[in-house]
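Chains as they are written, first to last, in our numbering: chain A, 5 to 104; chain B, 608 to 1286; chain C, 1038 to 1211; chain D, 681 to 1026.
Yeah, the Cβ is synthetic: ideal placement off N, Cα and C, and Gly gets one too.
Here the structure comes first, spelled out in structure tokens, and everything after it is commentary.
Structure (structure tokens):
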């Protein structure tokens, strides 16, 4: 028996780590991974709530989040590759022109 | 059992045609474009015929509700179609004549640019016109009403590279707006006082009301409706756009500005007969406007030299007749004239188009003449039309015009007198046109040198467009509709023999007769005498009226014949006379020639002050001084604020993320605070 | 038992997430993320969401993260460069984030009541999930399929852009 | 059955299965050398033991005692971890493979399978999809351009073919209605038309799926004709160029263990698992299913080797085109048709 709040706090920690990563990391890919971490944190809370409310819908939402994450990863990484081709750097602090 | 008619298909078919041509037509061949246009308008006609075949098994009025549209409390407007005898006749006229003119247009427009555009607009027009006549409420009718205005604008300005065409289109649009304004206010009044715009509901609500108690309201609504009708149907004082509308291609003039759209006003007034029956003053206004328009337009028509302008003024004049009919309560006579007019005026325009086509784009009658032998088909069809409009029995125009005049005479002999005189004028200017165009010597200069070549073209040159030398008959594609319409112009009036037409329409205007009989007599007499139920009490007056009617008929036929004789005398036997007469009349002649300077008066009295006011107060004062100044000021302020704020926009993604995180934190703190606060 | 397993995998999760932040090389971060995802899959199993757990491993760890590793290898991304970065992020972002998460944790602990979950609290069997997915959530499912399709096209266009451009230039010159 | 006996039985099963698996891995290598040798008109290993049967043992000893070289400029942690990752995931997936019926020994009633989970197939898919990390990381951490290329190729190829592989399995899943490998096998028991076994490859019409599975499996295990990641002629052995001794042996083991897993999976999903003619006394009835299972896996392995001895290697773009433009649409079509037929039947 584990209180639901533990799961939620774990999910919150993961999310917070993701946000922090987004804020402090400089590598574009790492930043992108931080986003994935945030999504994972959210997924955990979805599953936890699904267990609490005995509603499978929560798990369904996880699938949708995963699909969106996959799509996002595909497009995002393609963008990263395109950015790298033109700017030859992955440092976000140097990618600040809002255009390629 | 009432079969499902699928009325919605009828307007939607031309719309589909318009959509296909509009989206794909640019890259399609002319054959494909014309096939699409003809198939869809033909299908609409076929549907209409099918509806006729089903008509006897219908319980009328047949109402087909497609979808709810506006639901606001008790007020409710649906997308619904309404079919009764009146809309059936309109449906047949619009789809039938429309289809014929589509066929004609394929031949007429073949050489023109923007072929697909033309048919897109034409089909679009059909869609809106059919919506207008099949609508089951005033709002849907108003959609069609505005839509035909749009189509009309687009088609008048079809040759938009020509400045005159573009401004004619604008003129038509703007003048129509004035009428629509009246129409809209009438609708608002209806909504306010009766809470509905459906014909059926309105009839139900209005029928028990007594004229004494609501006369003012009904008069107001009636006159406002008449303003709308005057705009659309080119009545005084809003008729000025129609002659200019002749800038459009001739089939357009035939379809929109003669046969169908301009008659929408008559249709609308007839459709509103419940209201007009209770507004005698409004009826009088309608009748007077109709009479005046008929007369003045006819006088202008006498002096015109442009073949299409003559027909345009003739249209205005004939529309005046229809309004006269409606104004004296003879709605079915008005509709009857509407139908026959659609036949012969459509025919006349198409024939005029054929003439123009034949002489290579020339529209001035003075440069024609002697065309009788060169374009015999056109000549004979045009002849049928001319005789029909002149009211020579037994052609179509005779029956309908005579019916209107007879009904008018029962209200006031003044209407009748002016009407007969107008009939004389009509006959005169139509035969004048006929003689100038087809008799005498050919006066076109441009083609004289090509005369011998022109004959060569005659034998095989059907597919030659205008602008080519030589007078030549139009292709069969154009002549076919001419012949059909000519036959209709000859026999179309026979349906009115023995009041059959009126009896057919009687159920529509029936409520008029029974209700107004006890409260109001004058405009109701006509329908009363024709409706079968009330035949027996009125049979006595019928008996005595028979002789009078014959006398009046004789007089109006006489007027027509007189017109013919005068034209024959002036333009066939002694062609030099008209110039002398014109010289003698001097100023008056020029006044008429310049259309009584109405355009100029409008320009001076309305347009110029309006422009002056707009530019001085609205433009410089309000727009520049207040609106623009406010806008510029706020833009300036925004720029200054942005200048200071843009340092936040460093372009650094992580800074943005920082702002987002800080904002999210603020929201969380706020929510937590709220949550704690509520505990 | 449940609590112990939860704590073990939770600790692995947090350790992986923190490691993601601490590592300077993207590939190390990526691998820590894989660890986080694996541990999360275990947490899902504890909650009874076995299908979600399997999909988490297959899709997240097995596909998305491989894609990340692939891109890191492809671009040969090196150690993170030390650059000034953003003061805003440090001044507002990190404290804001900290405040927010601490508040949330406090609220959750204080106000989430006594609801508890057990091992396998809600068995998410593939049949049930399939039923939900293809009946109740059919429309969202189809919409996401379109989303994925668009994403595929977008990725192809974006990543293939430079090549096609050079190809076009070559064609012009050649 | 109490927990103690359960754990005991499980430990015994695990030990047994892993012993057999490792032996099988070793002897598959021997088998491959032998078979390919005969196909190429050579003898293959003959020196060590009769028919060279002790060759695997000799190889093992050699790997153990070779110098374990770690090149400079490698990313050390990952360099060491990569082969372990590879071999660990390859060996773990055998855990959910059922290779026989239930066994009754006194009051112990246990399946011939380390553990029967109801999402067994997904676990195998998950583990194989994680196996790519071993190869990708080894390629990257070696700091060698050939290795890097090998690693890149491997990850791209395995992601691509995993889709076709997964889709080819869905048809079978639809037919059996379960993710549990044991239930999938059970669904294939019996015959139709009197003599044809009800295997998915016959009864369910999944031969197209089997073909797709076969192709995708070759790509997933980096075998000829899809062994681009370790193409020795162009990449100098690809991702494991820099590896030697036991680390190299781990990759080797991982590859062959994967082959065996894939073979087991093919047997379970398409070839009816342990089903076959069963007769005789009880002891025979227990052993025969295992025998049929092993025999089918063996046939599958033989096809592997046969293909290796016959086919040339694809070009990389051909490989990708084949996977995305042929196998994937084919798998989708197969899935749609299967689903349609099942829907019509029910």
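Thinking just about the alpha-carbon of each residue, which of the options is nearest to the one in residue i?
{"i": "residue 1037(D)", "options": "746(D), 767(D), 750(D) and 687(D)", "result": "Since the first and last residues shown for chain D are 681 and 1026, residue 1037(D) lies out of range."}
{"i": "residue 1066(C)", "options": "1075(C), 1076(C) and 1054(C)", "result": "1054(C)"}
{"i": "residue 819(D)", "options": "922(D), 988(D), 958(D) and 989(D)", "result": "922(D)"}
{"i": "residue 1032(B)", "options": "1085(B), 681(B) and 1168(B)", "result": "1168(B)"}
{"i": "residue 751(D)", "options": "924(D), 986(D) and 699(D)", "result": "924(D)"}
{"i": "residue 690(D)", "options": "736(D), 775(D) and 740(D)", "result": "775(D)"}
{"i": "residue 805(D)", "options": "945(D), 829(D) and 687(D)", "result": "945(D)"}
{"i": "residue 633(B)", "options": "612(B), 717(B), 697(B) and 727(B)", "result": "727(B)"}
{"i": "residue 48(A)", "options": "90(A), 19(A) and 72(A)", "result": "19(A)"}
{"i": "residue 89(A)", "options": "1038(C), 1039(C) and 1196(C)", "result": "1196(C)"}
{"i": "residue 1170(C)", "options": "9(A), 85(A), 59(A) and 23(A)", "result": "59(A)"}
{"i": "residue 897(D)", "options": "926(D), 947(D), 876(D) and 854(D)", "result": "947(D)"}
{"i": "residue 927(D)", "options": "713(D), 738(D) and 742(D)", "result": "742(D)"}
Would a check of beta-carbon distances place residue i closer than 8 Å to chain D?
{"i": "residue 1166(C)", "result": "no"}
{"i": "residue 1107(C)", "result": "yes"}
{"i": "residue 1180(C)", "result": "no"}
Assuming residue i and residue j are in contact, meaning their beta carbons sit under 8 Å apart, how far apart are those beta carbons, in whole angstroms?
{"i": "residue 786(B)", "j": "residue 859(B)", "result": "Going by Cβ atoms, the distance from residue 786(B) to residue 859(B) rounds to 20 Å, so no, they are not a contact pair."}
{"i": "residue 901(B)", "j": "residue 1026(B)", "result": "7 Å"}
{"i": "residue 1144(C)", "j": "residue 1088(C)", "result": "Residue 1144(C) to residue 1088(C), Cβ: 31 Å. No contact."}
{"i": "residue 802(D)", "j": "residue 859(D)", "result": "6 Å"}
{"i": "residue 1269(B)", "j": "residue 1133(C)", "result": "4 Å"}
{"i": "residue 1288(B)", "j": "residue 731(B)", "result": "This structure cannot settle anything about residue 1288(B), because the visible part of chain B is limited to 608 through 1286."}
{"i": "residue 1099(B)", "j": "residue 1048(B)", "result": "At roughly 34 Å, the Cβ-Cβ gap does not stay under 8 Å, so residue 1099(B) and residue 1048(B) are not in contact."}
Using beta-carbon positions only, say whether residue i and residue j come within less than 8 Å of one another.
{"i": "residue 869(B)", "j": "residue 845(B)", "result": "no"}
{"i": "residue 782(B)", "j": "residue 832(B)", "result": "no"}
{"i": "residue 620(B)", "j": "residue 659(B)", "result": "no"}
{"i": "residue 1004(B)", "j": "residue 995(B)", "result": "yes"}
{"i": "residue 1022(B)", "j": "residue 931(B)", "result": "yes"}
Say whether chain C places a C-beta atom closer than 8 Å to the C-beta of residue i.
{"i": "residue 49(A)", "result": "no"}
{"i": "residue 1266(B)", "result": "yes"}
{"i": "residue 1122(B)", "result": "Annotation note: pLDDT 40 at residue 1122(B) (below 50); position unreliable, no value reported."}
{"i": "residue 99(A)", "result": "no"}
{"i": "residue 852(B)", "result": "no"}
Could you check whether the Cβ of residue i sits closer than 8 Å to any Cβ belonging to chain B?
{"i": "residue 1140(C)", "result": "yes"}
{"i": "residue 46(A)", "result": "no"}
{"i": "residue 81(A)", "result": "no"}
Spell out whether any CB of chain A is found under 8 Å from the CB atom of residue i.
{"i": "residue 1096(C)", "result": "yes"}
{"i": "residue 1079(C)", "result": "no"}
{"i": "residue 1136(C)", "result": "no"}
{"i": "residue 1259(B)", "result": "yes"}
{"i": "residue 1055(C)", "result": "yes"}
Any chance the CB of residue i is under 7 Å from a heavy atom of the ligand HEM?
{"i": "residue 636(B)", "result": "This structure simply doesn't include the ligand HEM, nor any ligand for that matter."}
Contact the stretch 707-720 of chain D vs the stretch 886-905 of chain D: 3+ CB pairs below 8 Å: In short, these stretches do not touch, since the Cβ pair count stays below three.
Hey, is the stretch 632-651 of chain B in contact with the stretch 661-670 of chain B, meaning 3+ C-beta pairs nearer than 8 Å? The answer is no - the stretch 661-670 of chain B does not touch the stretch 632-651 of chain B, with fewer than three Cβ pairs under 8 Å.
Three or more C-beta pairs under 8 Å: does that hold for the stretch 739-753 of chain B against the stretch 823-830 of chain B? Contact fails: fewer than three Cβ-Cβ distances are below 8 Å.
Contact between the stretch 1029-1049 of chain B and the stretch 1164-1178 of chain B: three or more CB pairs below 8 Å? Because the criterion of three Cβ pairs below 8 Å is met, the stretch 1029-1049 of chain B and the stretch 1164-1178 of chain B touch.
For the pair the stretch 887-895 of chain B and the stretch 709-728 of chain B, tell me if three or more CB-CB distances fall below 8 Å. By the Cβ test, the stretch 887-895 of chain B is not in contact with the stretch 709-728 of chain B, since fewer than three Cβ pairs between them sit closer than 8 Å.
Counting Cβ pairs, one atom from each stretch, are 3 or more of them under 8 Å apart for the stretch 1043-1051 of chain C and the stretch 1073-1082 of chain C? Segments in contact, yes.
The stretch 927-943 of chain B touching the stretch 909-919 of chain B, judged by at least three CB pairs closer than 8 Å: Contact fails: fewer than three Cβ-Cβ distances are below 8 Å.
Pairs of beta-carbons, one from the stretch 945-961 of chain B and one from the stretch 1083-1099 of chain B, closer than 8 Å: are there three or more? By the Cβ criterion, the stretch 945-961 of chain B is in contact with the stretch 1083-1099 of chain B, since at least three pairs of Cβ atoms, one from each stretch, lie closer than 8 Å.
Count Cβ pairs between the stretch 700-711 of chain B and the stretch 665-680 of chain B that sit closer than 8 Å; are there 3 or more? Touching, no.
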